[in-house]
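Asker:
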Amino acid sequence: MLSTSPTPSPTTTSFTKLTAMPSPKHYRLLILFAVVVIDVMGAGLIIPVLPDLVQHHLGTTTANASVYGAALLIAYSVMQFVFSPIIGRLSDRYGRRPVILASLAGFSLDYVVMAFAPSYAWLFVGRCVAGITGASMTTAFAYVADISTSAHRARNFGVIGAAIGLGFILGPVLGGFLGQIDLQYPFLAASGLALVNAVAAYFFLPESLVTPLRQPSRLALTNPLGPLLRPALMGLAAALFCIQMAEQTLPSTWVYYTKLAFGWGQQQVGWSMGFAGLLIVGVQGVLVRVVVPRWGELAAITWGCLAWAVAAFVFPFVVQVGWVYALMLPYAFGGIVTPSLQALLSQRTDAAQQGTLQGSLSALTSLTAVVGPLLATGLFSYFAARSAYHFPGAPFVSAGGLVLAGGLLAWHSLRRHQPSPMAAPVATATANATDTTNLATAPPAEAELDLVA
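With the working numbering applied, the sequence shown covers -16 to 436.
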């Protein structure tokens, strides 16, 4: 067909190039980055004021308020664990765009309810609703899988990981500033951000899942981790579980450990956490895009786990602050592991089931968000007590062990399920055909973007 078409004139060619130039709505990864940053900022805005808000409603001590505050966080994670797979299947069935829009609208309404909550019970209900509607992360990763080729999934997952890190850096800072004025302001600001996000996504974020790939799926309450139990995915999912358990150590115990070991106050802790966050953003937003294409996922996982584990094992024995910041460099380099594992899991999943996969991965993350802090703080509490062997750095040693276990599980899974030399070309051709299905049915400008992304 192409050989029989008349040769276009230079004028026609120039006009075609001009009209085919991608408009801002076609820069989907950049738009999705902004959506995730603003969404996570909204969640981070309320973190600094939650303790004071709980005390305000219950009139209790700080110690008791911490228990009720933990209940709010656990309720959010439990709801995400149960409902993320369902949201993922909904996005496979109805598309990513409507699920993202509904999630953002739900967040906006939920934050208003929490701002004017008359009691702690309303706060609890609000956090449960937020956990149910918190589908933007699940669907965002599925969206990235839709628009990315197999070779570029790790780096694009890293971009979204960087967006999450950036949002968590900016959100609490702004929330702490607004909370000093009024406890309701962070919630109202988060609601406004979610609403602006929903409007922006409505106008600029196109659908990523083409209609022929959409498949009806069961939406019943089944095992949230069921899709990860396939032999080709189980080992990698177990590795990701270990890695995400280790990731919970720093945010769970850093404040308590540095106060005990170095006598740090809020300012020093804030600076150190901000520095670590910036490093993670740099690793996942920039370094992943360079390292993974050159090394491959397996080498990235191996070296990332080794660097992370060494830093975790050395942390408890550091006595100088300068070494604390120095060890954050190899610690942050471990940030290449998670997007690499996510890319491998995505590559081993059919294009029509990406939402289901990301829903199960979100459920796995929610599970580690409950179990991980309990393990880390439990170890710290036991080994920091005078009645036990005094070793408050025990959570970091545990994290190092989990990271090494995750690396070994990933290595074993990749070696065990590595395609044979005869099957490799067929598998590659099948993966490329799956990747190009979305590209072939998209408009020309979007197809060009997908090849770049």
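Cβ atoms here follow ideal geometry from the backbone N, Cα and C, with glycine treated the same way.
#1: Taking the straight line between their C-alpha atoms, what separation do you get for Val238 and Trp286?
#2: Around the Cβ of Gly42, are there at least 16 other Cβ atoms within 10 angstroms (buried) or fewer (exposed)?
#3: Three-state secondary structure (DSSP) at Glu280?
#4: Just the Cα atoms here: how many angstroms apart are Phe66 and Leu208?
#5: How about Phe366 and Thr236: do their beta carbons lie closer than 8 Å?
#6: By DSSP, does Phe124 sit in helix, in strand, or in coil?
#7: Counting pairs of Cβ atoms below 8 Å between the stretch 140 to 148 and the stretch 252 to 272, do you hit three or more?
#8: Enumerate in chain order the residues of its own chain whose CB-to-CB distance from Val96 is below 6 Å, with the five nearest sequence positions on each side excluded.
#9: Report buried or exposed for Gly305, applying the criterion of at least 16 other Cβ atoms within 10 angstroms of its Cβ.
#10: Within this structure, are the beta carbons of Gly27 and Gln63 separated by less than 8 Å?
#11: Rounded to the nearest angstrom, what separates Leu192 and Gln330 at their Cα positions?
#12: Rounding to the nearest angstrom, what Cα-Cα distance links Ser133 and Tyr103 in this structure?
#13: Compute the Euclidean distance between the alpha carbons of Phe186 and Val269, then round it to the nearest angstrom.
#14: Which of the three DSSP states, helix, strand or coil, is assigned to Ala3?
#15: Taking all protein chains shown into account, do 16 or more other C-beta atoms lie within 10 angstroms of the C-beta of Arg399, making it buried, or fewer, making it exposed?
#16: Identify which residue in Ile70, Ala393, Gly117 has its Cα closest to the Cα of Ser91.
#17: By DSSP, does Trp291 sit in helix, in strand, or in coil?
#18: Alpha carbon to alpha carbon, what distance is there between Cys225 and Gly71?
#19: Which runs of the alpha helix (DSSP H) fall wholly inside the stretch 90 to 170 and span at least 4 residues, in chain order?
#20: Within the stretch 208 to 268, note down every full alpha helix (DSSP H) run reaching 4 residues or more, in order along the chain.
#21: Excluding the five sequence neighbours on either side, which residues of its own chain have a C-beta within less than 7 Å of the C-beta of Thr411, listed in chain order?
#22: If we ignore side chains and look at the alpha-carbon of each, how far apart do Ala414 and Asp333 end up?
#23: Distance, Cα to Cα, Ala290 vs Phe316?
#24: What residue range is occupied by the uninterrupted alpha helix (DSSP H) comprising Arg331?
#25: Measure the CB-CB distance between Ala177 and Tyr308 and report whether it falls below 8 Å.
#26: Look up Asn206 in the DSSP assignment and say whether it is helix, strand or coil.
#27: Please report how far the alpha carbon of Ala203 lies from the alpha carbon of Tyr51, in whole angstroms.
#28: Considering only their Cβ atoms, is the gap separating Ser343 from Pro214 smaller than 8 Å?
#29: Going straight from the alpha carbon of Leu12 to that of Val127, what length do you get?
#30: Return the chain-ordered list of same chain residues with a C-beta closer than 7 Å to the C-beta of Val297, the five sequence neighbours on each side being excluded.
#31: Taking contact to mean 3 or more Cβ pairs, one atom from each stretch, closer than 8 Å, check whether the stretch 312 to 328 and the stretch 380 to 400 are in contact.
#32: Less than 8 Å between the C-beta atoms of Asp75 and Gln336, yes or no?
#33: Using only CA atoms, which one of Phe170, Thr321, Pro313, Thr360 lies nearest to Ala348?
Answerer: This is what the structure holds:
#1: 28 Å
#2: exposed
#3: helix
#4: 11 Å
#5: no
#6: helix
#7: yes
#8: Gly109
#9: exposed
#10: no
#11: 16 Å
#12: 46 Å
#13: 28 Å
#14: In this prediction, Ala3 scores a pLDDT of 37, lower than 50, which makes its location untrustworthy; the coordinate-derived value is nonetheless stated afterwards. The answer is helix: DSSP assigns Ala3 an H, G or I state.
#15: exposed
#16: Gly117
#17: helix
#18: 23 Å
#19: 103 to 116, 119 to 130, 136 to 164
#20: 214 to 230, 232 to 245, 249 to 265
#21: Model confidence at Thr411 stands at a pLDDT of 40, short of 50, so the residue's coordinates are unreliable; what they give is reported in the following sentence. Excluding positions up to five away in sequence, the list is empty.
#22: With a pLDDT of only 41 at Ala414, under the threshold of 50, the placement of this residue in the model should not be trusted; the figure read from the coordinates follows. Rounded to the nearest angstrom, the two C-alpha atoms are 9 Å apart.
#23: 7 Å
#24: Taken as a continuous stretch (DSSP letters only), Arg331 belongs to no alpha helix (DSSP H), as it is neither H nor E.
#25: no
#26: coil
#27: Because Ala203 carries a pLDDT of 46, less than 50, the predicted location of this residue cannot be relied on, and the following value inherits that uncertainty. Roughly 31 Å separates the two Cα atoms.
#28: no
#29: 7 Å
#30: Leu310
#31: yes
#32: yes
#33: Just to set this straight, residue 348 is Thr in the shown sequence, not Ala. It is Thr321.
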